[in-house]
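Have a look at the structure below, then the notes.
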Amino acid sequence: MVEITLSDNSVKRFAEHPTGLDVAGSISEGLARDCVAMEMNSELVDLNTRITQDARIRLITVKDPEALEILRHSAAHVMAHAIQNLYPNVKLTIGPVVEEGFYYDIDMEPISKDDFEKIEDEMKKIINSRLPLHRQLVPKDQALKHYEKEPYKLEMISDLEDGTISFYTQGDFTDLCRGPHIPHTGFIKAFKLMKVSGAYWRADPKNPQLQRIYGTAFFDKKDLKNYLTFLEEAQKRNHRKIGTALDLFSFHDEAPGMAFFHAKGMEIWNALLDYWRKEHRAAGYVETKTPILLHRKLWETSGHWENYRENMYTAVIDEEDYAIKPMNCPGGMLLFGSKHHSYKDLPMRVAEIGLVHRHELSGVLSGLFRVRAFHQDDAHIFMMPEQIQDEILGVLRLVERIYSTLGLDFHLELSTRPEKSIGTDAQWETATRGLKSAMDIYGADYKINEGDGAFYGPKIDIHIKDALGRTWQCGTIQLDMNMPERFDLSYVGRDNEKHRPVMIHRVIFGSIERFFGILVEHFAGKFPLWLAPVQMIVLPINDELIPYAEDVKQQLIRAGLRVELDGRTESLNKKIREAQLQQIPLTLTIGAKERESGTLSVRTLDGKVRYGISHERFLTRVREHVDARNLDFDLFGEAPS
RNA sequence: GCCGACGUAGCUCAGCCGGUAGAGCAGCUGAUUCGUAAUCAGCAGGUCCGCGGUUCGAUUCCGCGCGUCGGCUCCA
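Okay, here's the thing in structure tokens:
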């Protein structure tokens with residue numbers, strides 16, 4: 005007899021040794037139908053595992069987050085099975101689950117998306133056969149024998165510890181696998197192959213190149229549909245498309261990986277940075293600017309010449325070596341070091357919108373998201389060790405203000421000391437404790453990435469979540485115990501002795517170019533009024549009204565607004581359509597009525613039109629809305645006046 | 001940097017098997033003067049990414065280079 009404790013702490017007794025399925029079945033038929041696996045004494049195992057002694061069981065149903073991973077892992081097997089059926093000579097390697105699905109790396113002739121349909125059809129056959137997945141344990145020597153013709157699998161098994169090795173079989177297909185798996189292939193209700201690319205065996209370019217085939221799978225057709233809709237939505241918001249359509253920026257072959265910002269893109273850029281400066285000033289920052297081209301000596305002092313040179317653009321000038329800065333900190337160190345500082349000066353919060361260049365590999369460039377030249381909204385804070393906590397807290401609060409203004413949620417992650425690192429244990433201890441206590445006081449949950457810090461200090465990474473729920477790491481706060489040392493920075497303490505300041509680097513936007521791209525996608529090009537490159541457009545109904553419309557435009561421009569006038573001899577409908585497609589928040593139509601009554605009719609981006617708004621009310625509302633940096637478009641309330 | 005796909009007018013895209021290119025939008029000209037998402041007509045616009053090769057002939061086939069995209073790799 006076995007005693008089974010379920011996750012609600014209820015206890016069930018079984019005379020025989022039941023499987024997980026039996027346990028589920030003893031509770032309800034529906035549960036048995038929805039179960040895919042179970043957790044037995046904190047270990048995920050197959051549902052058909054026999055429970056031979058008293059155990060604590062948690063049944064995993066299709067609703068549980070782990071279930072999707074199990075399903076996708078099984079789907080990877082099904083794909084490999086299908087591919088092996090279609091291309092008998094392929095050699096399998098590994099097939100893991102990834103965030104949005106799964107892939108399988110297979111040594112085979114290159115295939116393309118055109119081959120997907122065939123593979124998917126074969127997969128459908130396997131799924132419709134509802135093949136059970138059986139686990140069996142095999143001694144290592146036998147496993148090696150089984151895989152005589154599969155060199156990659158042999159290599160993997162050889163690397164495993166001695167003892168028994170688990171295999172999973174579905175029909176005539178067997179694969180080395182830790183499991184667990186779904187009970188039978190019929191659980192895969194919806195799947196799709198997504199893309200194919202090259203990948204090296206064990207990620208080493210010296211090894212053969214494999215075909216990495218990506219797919220995704222769900223328990224429900226609806227989930228797959230939602231996922232595909234999400235991808236479509238993301239594609240619609242692609243910042244490269246919107247950037248072209250709204251005339252914000254472009255790229256040219258003459259400067260790969262370096263963006264050209266157009267006039268409208270710069271309006272957004274400037275509005276964003278105006279706001280950034282306002283917040284930083286209020287938070288006690290000063291702003292500086294350092295050169296982008298600096299002598300080799302400086303890069304030797306900072307260590308970049310030795311460690312980062314392959315990513316730097318260099319130049320020989322008057323027979324001396326120079327490099328274009330990939331980071332702002334060395335220049336910032338020079339500035340700090342060029343003067344004596346008292347402990348009374350600290351903390352010093354020194355910001356710099358710095359233009360940096362990094363020679364990234366050509367294959368990684370991607371729109372504004374990955375470029376070779378970009379601006380960082382950098383700041384270096386110099387302080388005494390006992391100020392760490394307060395300063396980090398200050399940065400976190402500033403981060404929160406700025407992100408929330410943009411409608412972005414965020415979460416924090418702390419990275420601690422890596423194996424290879426400089427500094428003493430005591431320094432790391434002080435630094436890490438400072439970061440932790442600041443985050444504790446700040447009060448947000450955070451994830452800890454052990455050993456993920458930079459070699460020169462621990463860091464807090466800030467991940468934002470955009471309107472589609474995608475996360476991006478933008479902000480980072482890094483403690484640096486290296487630079488002050490290398491540049492021999494000091495301040496004079498109360499004791500009249502020299503002391504080494506503690507320094508942090510921090511960015512909030514990170515790469516402003518990349519952040520700009522994220523904002524384009526976050527807002528889908530519909531920038532809120534305070535950021536919109538053209539805040540409003542004036543449309544005269546006919547040519548006779550152009551002079552009056554011009555007056556209106558001038559008034560608004562004098563009020564500090566970004567205004568355009570469409571005086572083309574086109575139909576009103578056409579001009580409205582184009583204004584809407586350009587995502588201009590406010591469209592002001594000027595007809596004889598508006599001129600006679602001295603009012604405005606205002607169309608907002610949601611298509612609502614309000615007539616008879618006085619110029620005064622309009623200006624007041626717009627100013628309030630812009631000053632408050634509101635994100636909504638409904639300036640004039642529900643009831644059209 | 002590696003693998004794959006792609007590169008045609010300002011933009012979006014068509015162009016089967018090799019016979020020097022087409023559409024819509026944008027632009028320009030003219031007519032229309034319009035009340036909340038495309039008025040009509042005409043005109044103009046291209047080193048078909050670049051350089052080589054094959055061929056009587058290359059936008060089309062082949063090679064190399066550049067760029068873009070998707071992955072890989074890298075990421076102080």
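When we follow the numbering used here, the leftmost residue of the first sequence carries the number 5, and every step to the right adds one. Quick reminder that beta carbons are idealized off the backbone N, C-alpha and C, glycines included.
| message | Within a Cβ cutoff of 7 Å, which residues of the same chain sit near W534, ignoring the five residues on either side of it in sequence? | response | Around W534: A275, V630, R633.
| task | Ignore the nearest five residues each way along the sequence and tell me which others in S645's own chain have a CB closer than 7 Å to its CB. | result | A caution first: S645 carries a pLDDT of 43, below 50, which makes its placement in the model too unreliable to give a value.
| What is the rounded straight-line gap between the Cα of I396 and the Cα of H467? | Looking at the two C-alpha atoms, the distance is approximately 16 Å.
| query | If you check the beta carbons only, do W66 and V82 fall under 8 Å apart? | reply | The identity of residue 66 in the sequence shown is Val, whereas the question assumes Trp. Cβ atoms of V66 and V82: not closer than 8 Å.
| said: Give me the residue from I406, S11, R498, C181 with the minimum Cα distance to G514. | reply: Measuring C-alpha to C-alpha distances from G514 to each of I406, S11, R498, C181 identifies I406 as the nearest.
| Hey, how far is the Cα of P505 from the Cα of I272? | Going from the Cα of P505 to the Cα of I272 covers about 37 Å.
| task | Note down, in chain order, each residue of its chain lying with its Cβ closer than 7 Å to the Cβ of A643, except the 5 sequence neighbours on either side. | result | Here A643 scores only 47 on pLDDT, less than 50, and its place in the model should not be relied on; the value that follows carries that caveat. Excluding positions up to five away in sequence, the list is empty.
| query | What's the C-alpha gap between G261 and A377? | reply | Straight across, the Cα-Cα distance linking G261 with A377 is about 7 Å.
| query | Can you tell me whether E159 is buried or exposed, with buried defined as 16 or more other CB within 10 angstroms of its CB? | reply | Answer is exposed; the Cβ neighbour count stays below 16.
| said: In chain order, what are the residue ranges of uninterrupted beta strand (DSSP E) at least 3 long that sit wholly in the region 516 to 570? | reply: Along the region 516 to 570, the beta strand (DSSP E) occurs as fully enclosed runs of 3 or more residues at 540 to 544, 567 to 569, listed in sequence order.
| Looking at R490 and T305, is the spacing between their C-beta atoms short of 8 Å? | One thing to note: T305 has its Cβ within 8 Å of the Cβ of R490.
| request: Measure the Cβ-Cβ separation of I508 and I385 and say whether it is below 8 Å. | output: Taking 8 Å as the Cβ cut-off, I508 and I385 qualify as a contacting pair.
| What residues in its chain sit with their C-beta under 6 Å from that of L90, if we drop five residues either side in the sequence? | Around L90: E126.
| query | Tell me which same chain residues have a C-beta within less than 6 Å of the C-beta of L164, skipping the five on either side of it? | reply | So no residue of the chain qualifies.
| Around the Cβ of T428, are there at least 16 other Cβ atoms within 10 angstroms (buried) or fewer (exposed)? | T428 comes out exposed.
| Which residues DSSP lists as bridging K469, in chain order | Paired residue(s): D413, T475.
| said: Please tell me whether A71 and A221 are closer than 8 Å, where the distance is taken between their beta carbons. | reply: It is not a contact, given that the beta carbons lie outside the stated cut-off.
| task | Just list the alpha helix (DSSP H) runs in the region 240 to 306, keeping only unbroken ones of 4 residues or longer that don't cross its boundaries, in chain order. | result | Segments of the alpha helix (DSSP H) lying fully in the region 240 to 306: 243 to 249, 267 to 286, 300 to 306.
| field | V403 beta carbon less than 8 Å from that of G479 | value | In this structure, V403 lies closer than 8 Å to G479 by Cβ.
| field | Unbroken stretches of the alpha helix (DSSP H), 4 residues or longer, contained in the region 117 to 168 | value | Correct list: 120 to 132, 144 to 150, 155 to 163.
| request: Give the DSSP-derived three-state secondary structure of C39 in the structure shown. | output: C39: strand per DSSP, three-state reduction.
| request: Specify the secondary structure class of G341 as computed by DSSP and reduced to three states. | output: The answer is helix: DSSP assigns G341 an H, G or I state.
| task | From the DSSP output, in three-state form, read off S645 for me. | result | The pLDDT assigned to S645 is 43, lower than 50, so where the model puts this residue is not dependable, and the model offers no usable value.
| task | With DSSP as the reference, label A19 as helix, strand or coil. | result | Reduced to three states, the DSSP call for A19 is coil.
| DSSP puts H503 in a beta bridge; with which residues? | The partner list for H503 (beta bridge, DSSP) reads Y495.
| Pairwise C-alpha distance: T53 and I131 | Taking the straight line from one Cα to the other gives about 22 Å.
| request: Give me the Cα-Cα distance between G269 and T318, rounded to the nearest whole angstrom. | output: Distance between the alpha carbons of G269 and T318 is about 29 Å.
| query | Would you call K225 buried or exposed, if buried means 16 or more other Cβ atoms sit within 10 Å of its Cβ? | reply | Note on K225: under 16 other CB atoms within 10 angstroms of its CB, so exposed under the neighbour-count rule.
| query | Tell me, which residues are paired with E324 by DSSP? | reply | According to DSSP, E324 bridges with I321.
| field | the region 53 to 64 in contact with the region 167 to 175 per 3-pair CB rule at 8 Å | value | Segments in contact, no.
| task | Would you mind reading off the limits of the beta strand (DSSP E) that contains Q380? | result | Per DSSP, Q380 belongs to the beta strand (DSSP E) from 377 to 387.
| query | So H266 and L277 are in contact, right, with Cβ under 8 Å, and what is the actual spacing, rounded? | reply | The C-beta distance from H266 to L277 rounds to 16 Å, too long to meet the 8 Å contact threshold.
| task | Can you check DSSP and say which residues form a bridge with K196? | result | By DSSP's assignment, K196 forms a beta bridge with T220.
| field | Reduced DSSP secondary structure (H/G/I, E/B, other) of Y407 | value | It is helical.
| task | State yes or no: is the C-beta of E347 within less than 8 Å of the C-beta of V556? | result | Correcting the residue type first, residue 347 is Tyr in the shown sequence and not Glu. No, these two residues do not count as a Cβ contact at 8 Å.
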